[in-house]
Amino acid sequence: MKVTVLTGAGISAESGVPTFRDANGLWEGHRVEDVATPEAFDLQPSVVHRFYDERRAALGGVEPNEAHRALARLEDALGDDLLVVTQNIDDLHERGGSSRVLHMHGELRSALCRACGDRTPWTDPLVHLPPCPRCGASELRPDVVWFGEIPYEMERIQDTLERTDLFVSIGTSGAVYPAAGFVQYAARRGARTLELNLQPSEGTHLFDDARHGPASALVPAWVD
Ligand code: BJW
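Once you know that position 161 of the sequence shown is 1476 in the numbering used here, the rest is easy, because the numbers rise by one and skip nothing.
Right, dumping it as structure tokens:
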């Protein structure tokens, strides 16, 4: 059976990574929709760099939780028949033991060169940004997908959704497209669909089945 899992900020919440749209999910008093944009970076690059530097630094103090680990066990059982598509830019799936993970909104531990498009590892907060190791331009930015930009790996994700038997959405509000549309895309092609979230998401009615509660309890209960 082919299974596609979509994850969002809620799966990392119990590890101590803040979500975007819950009570404490604001970004310095702004809605994420207003600041996670290329325009915000052009206007205030140092503010945006600081925000991502702080989140990158915080990764060192958080650990995967039972939900991440349960998905790794599912990969052990299903192998290539499981793909985890995450909207998260943290590395908790990988540290929890998963290897078949696509980061559709980029990764905190990667930098993107605005001049040549090269993606390069970025492990520490950097006081002064180095030049791009490939082209030498001083144009590095966080390698994340902001509003108005095209998420990574869309062709591979669509191809996987077309062939999946079960689509499971975990810890995402369903407020951001194209990820919010995956449930309908998969359902139209015959997949069963399941939501696992703390509370009903915006698109909860689109799923065949929905279970609500903390991911650290719901995901192991579903997997094991
Ligand atoms: C728990 C829990 C616990 C809490 N256990 N659960 C109409 C239709 C289609 C598109 C658009 C449209 N209008 C506008 C658009 C475009 C726009 C968009 O969607 N805007 C919306 C505001 C409407 N989208 C885009 O611009 C995207 N690009 C695009 O569309 O390109 C065109 C194109 C696409 C495809 C092919 C060809 C062309 C890009 C979107 C980029 C989003 N970027 C961000 C920032 C990334 C970097 C960073 O992390 O800083 O991604 S925004 C932010 O939202 C981040 C997240 O990945 C994303 C989703 O958030 P998520 O993960 O769902 O978090 P929350 O906080 O919203 O929800 C958490 C959930 O967890 C809640 O439900 C809680 O209840 C739950 N929870 N604790 C289980 N313990």
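From the three backbone atoms N, C-alpha and C, an ideal C-beta is built for every residue, glycine too.
Quick one, which of the options has its alpha-carbon nearest residue i's?
i     : options                    : result
A1372 : A1502, V1538, N1512, V1332 : V1332
R1478 : R1410, G1505, N1403, D1539 : G1505
C1450 : C1428, E1470, T1438, F1462 : C1428
L1533 : V1483, H1520, R1503, A1490 : V1483
T1475 : G1486, D1523, P1436, R1415 : R1415
D1349 : S1327, V1498, G1325, W1461 : W1461
Y1500 : D1337, M1316, L1513, G1518 : G1518
L1509 : L1481, N1403, A1490, P1535 : L1481
I1404 : T1322, A1490, L1389, V1538 : T1322
D1357 : Y1492, A1338, R1456, G1421 : R1456
R1365 : A1385, W1342, A1382        : W1342
H1383 : S1361, N1339, G1325        : G1325
S1363 : G1376, G1486, D1458, A1502 : Before going further, note that residue 1363 is Val rather than Ser in the sequence given. Ranking the options by Cα distance to V1363, first place goes to D1458.
A1328 : N1380, Q1359, G1376, P1360 : N1380
CB-CB under 8 angstroms to residue i, same chain, minus the five flanking residues each way: which ones, in chain order?
i     : result
P1515 : A1525, H1527
R1424 : R1371, L1374, D1406, P1436, W1437, T1438
M1316 : L1393, D1396, D1480, L1481
D1433 : L1427, C1447, P1448, R1449, C1450
E1390 : L1397, V1399, G1412, S1413, S1414, R1415
Roughly how many angstroms lie between the CA atoms of residue i and residue j, to the nearest whole one?
i     : j     : result
R1507 : I1465 : 27 angstroms
Y1367 : F1522 : 33 angstroms
S1330 : E1378 : 6 angstroms
T1401 : S1488 : 13 angstroms
Q1473 : R1346 : 29 angstroms
L1398 : A1426 : 24 angstroms
P1535 : N1512 : 13 angstroms
R1336 : P1529 : 16 angstroms
A1490 : G1412 : 28 angstroms
R1471 : E1409 : 19 angstroms
V1320 : E1422 : 18 angstroms
R1388 : S1531 : 14 angstroms
P1493 : L1444 : 31 angstroms
A1430 : A1495 : 31 angstroms
F1318 : A1502 : Just to set this straight, residue 1318 is Val in the shown sequence, not Phe. Using only the alpha carbons, I get a separation of about 13 angstroms.
Whose C-beta lies closer than 7 angstroms to the C-beta of residue i among residues of the same chain, with five residues either side of it excluded?
i     : result
G1463 : T1352, P1353
E1468 : L1417, M1419
V1498 : F1482, S1484, T1508, G1518, L1521, F1522
N1339 : P1333
Does any residue of chain B have a CB that is nearer than 7 angstroms to the CB of residue i?
i     : result
P1529 : Given the protein chain composition of this structure (a single chain), no chain B is represented.
Can you find the residues in the same chain that come closer than 6 angstroms, C-beta to C-beta, to residue i, ignoring five residues on each side of it along the sequence?
i     : result
P1446 : S1453
G1344 : none
Q1537 : One point to set straight first is that residue 1537 is Trp, not Gln, in the sequence displayed. Hits under 6 angstroms: none found.
**Item:** 4-residue-minimum alpha helix (DSSP H) runs that sit fully inside the segment 1404 to 1481, ordered along the chain
**Value:** Qualifying alpha helix (DSSP H) stretches, in chain order: 1407 to 1410, 1469 to 1478.
**Message:** I'd like the ranges of any alpha helix (DSSP H) spanning at least 4 consecutive residues and lying wholly in the segment 1333 to 1396.
**Reply:** The DSSP assignment places 1347 to 1350, 1353 to 1358, 1360 to 1374, 1381 to 1393 as complete runs of the alpha helix (DSSP H) inside the segment 1333 to 1396, in order along the chain (cut-off: 4 residues).
**Request:** Taking only runs that begin and end inside the segment 1481 to 1507, name each unbroken alpha helix (DSSP H) of 4 or more residues, in chain order.
**Result:** At a cut-off of 4 residues, the continuous stretches assigned as alpha helix (DSSP H) that sit fully inside the segment 1481 to 1507 are 1497 to 1503.
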